[in-house]
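So the sequence lines, in the order shown, correspond to chains B and G. Residues 28 to 206 (the numbering used here) are what the first sequence spells out, left to right. Residues 2 to 145 (the numbering used here) are what the second sequence spells out, left to right. Even glycine gets a Cβ: it sits at the ideal position worked out from N, Cα and C. Heads up: the structure comes next, in structure tokens.
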Amino acid sequence: MDKNNDKSNGIGKTKNKKKSSKWIFPSSVLALYLFLYFIDSAKTLGAIAYAAKLAKSIAPILLIVLFFMFLFNLIDEKRLKKTIEGSPRYLQYLVMVIFGTFSHGPIYAWYPLMKDFREKGISHGSISIFLYARGIKLSLLPMLAIYFGLKYAIVLTLVMAAFSCIQGLLVDAVMKENA
Amino acid sequence: MKKKKSKKQILIKTARGLLGNIPMMAGVIMLISLLKTFVSFQTLSTLFTGNALADTTIGAFFGSILAGNSINSYIVGKEMLASGVSLFAVTSFLVAWVTVGFVQIPAEMTMLGRRFTIVRNSLSVILSIAVSLTTVLVMGGGIK
């Protein structure tokens with residue numbers, strides 16, 4: 028009984044620690060804003076206005092992320108683990124390259140979904156592939172071609188897709204070694 | 002026996018999980034905005050040396066620090082090219098901009114773990130140099 032209490036107290040403390048550590052980073056940024064406000068108030072206010080604009084543009088993406096997280100949470104964990112374990116690695120990587128390439132919005136908006144992926148047994152390498160392939164912006168390909176030429180845009184996109192898989196392999200190898 | 006959760010319960014749990022990550026995301030957004038407002042992109046191009054390998058590394062480093070919409074990286078990259086910075090440096094800058102996130106590291110560590118974040122971001126910096134070298138070599142050394 029006491030042992031169980033100790034255990035639950037331990038878990039509670041870890042959860043509280045995690046909850047409070049979540050606020051350290053945003054509080055530090057807020058403190059930096061306050062400090063900079065006294066140095067250059069006009070620029071700091073400009074940064075606040077830009078942050079508000081950025082937050083507004085990210086809101087719809089978070090809804091998409093919520094939808095994907097919801098769908099992913101509907102999947103039976105045991106069955107998913109079985110399917111992942113049964114499918115070849117190259118197929119997992121390929122799916123993540125495609126998923127990453129077609130994802131929209133900033134990288135940090137996708138962290139919660141990636142956290143869910145990890146908790147359901149998807150490898151670190153596959154998650155890093157998704158995060159790397161996010162760098163391929165198909166919707167901005169015409170813009171990249173206008174700025175740097177069509178050949179450059181195509182070559183860069185293909186090289187990045189190939190290197191996303193290389194990164195997946197490397198991350199899996201390193202994380203496995205250190206696990 | 003474990004009771005199966007309803008769709009509504011799953012949706013609430015998912016929304017709670019996402020909302021719990023909002024403070025971290027807010028921190029990242031605010032830091033990106035500060036960088037954008039206080040760091041002048043134009044002055045960056047004056048920091049390159051003219052040595053292709055050194056410039057590729059410098060490009061990867063700056064791309065890793067800066068964040069935001071990719072269109073901004075294209076604009077800065079084009080300006081860098083126009084002011085004589087090599088395509089190697091510009092490419093590593095463009096790639097690191099979208100694949101590495103020094104600004105997002107605290108949020109990534111909290112959600113995906115410290116070791117994974119360090120390994121992923123370190124590899125991304127190195128790979129941005131490798132991607133740059135491969136791309137420019139395939140291109141035959143430059144943009145025609």
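If you measure from the beta carbon of PHE121 (chain G) to each beta carbon in chain B, is any gap under 8 Å?
-> The residue asked about is misnamed: residue 121 (chain G) is Arg in this sequence, not Phe. Yes, its Cβ sits closer than 8 Å to a Cβ of chain B.
With VAL29 (chain G) and TYR159 (chain B) assumed to form a contact (beta carbons below 8 Å), what rounded beta-carbon distance in angstroms separates them?
-> No, VAL29 (chain G) and TYR159 (chain B) are not in contact; Cβ-Cβ is about 18 Å, not under 8 Å.
Find the nearest neighbour of LEU48 (chain G) within the set G:THR111, G:MET25, G:ILE59, judged by alpha-carbon distance.
-> G:ILE59
Short CB-CB distance (under 8 Å) between MET202 (chain B) and chain G = yes
Own chain, CB closer than 6 Å to MET141 (chain B), minus 5 neighbours either side, in chain order = ILE154
Contact list for SER93 (chain G) against chain B, beta-carbon separation under 9 Å | Near SER93 (chain G) there are no residues of chain B at all, since even the closest Cβ is about 11 Å away, more than 9 Å.
Taking VAL101 (chain G) and GLY64 (chain G) to be in contact with their CB atoms under 8 Å, please state how far apart those CB atoms are, rounded to whole angstroms.
-> About 7 Å; that satisfies the 8 Å criterion.
Straight-line Cα distance separating VAL137 (chain G) from GLU80 (chain G) | Using only the alpha carbons, I get a separation of about 18 Å.
Grab me the residues of ILE85 (chain B)'s own chain with a C-beta within less than 7 Å of its C-beta, minus the 5 sequence neighbours each way, in chain order.
-> GLY132, PRO133, ALA136
Rounded C-alpha distance that separates ALA79 (chain B) from LYS70 (chain B) = Between the C-alpha atoms of ALA79 (chain B) and LYS70 (chain B) there is a straight-line separation of about 14 Å.
LYS83 (chain B) versus ILE127 (chain G): straight-line alpha-carbon distance, rounded | 33 Å
Identify whether SER114 (chain B) lies in helix, strand or coil by the three-state DSSP scheme.
-> coil
How is ALA27 (chain G) classed by DSSP in three states: helix, strand or coil?
-> Per DSSP, reduced to three states, the secondary structure at ALA27 (chain G) is helical.
Euclidean distance between Cα positions of ALA61 (chain G) and VAL132 (chain G) | 11 Å
For ASP103 (chain B), the three-state DSSP class (helix, strand or coil) | coil
Given ASP199 (chain B), which residues of its chain have a CB within under 7 Å of its CB, disregarding the five upstream and five downstream residues?
-> Around ASP199 (chain B): SER150, HIS151, GLY152.
Under 7 Å Cβ-Cβ, which residues of chain G neighbour PRO139 (chain B)?
-> GLY18, LEU19, ASN22, MET112
Note down, in chain order, each residue of its chain lying with its Cβ closer than 8 Å to the Cβ of PHE126 (chain B), except the 5 sequence neighbours on either side.
-> PHE157, ALA160
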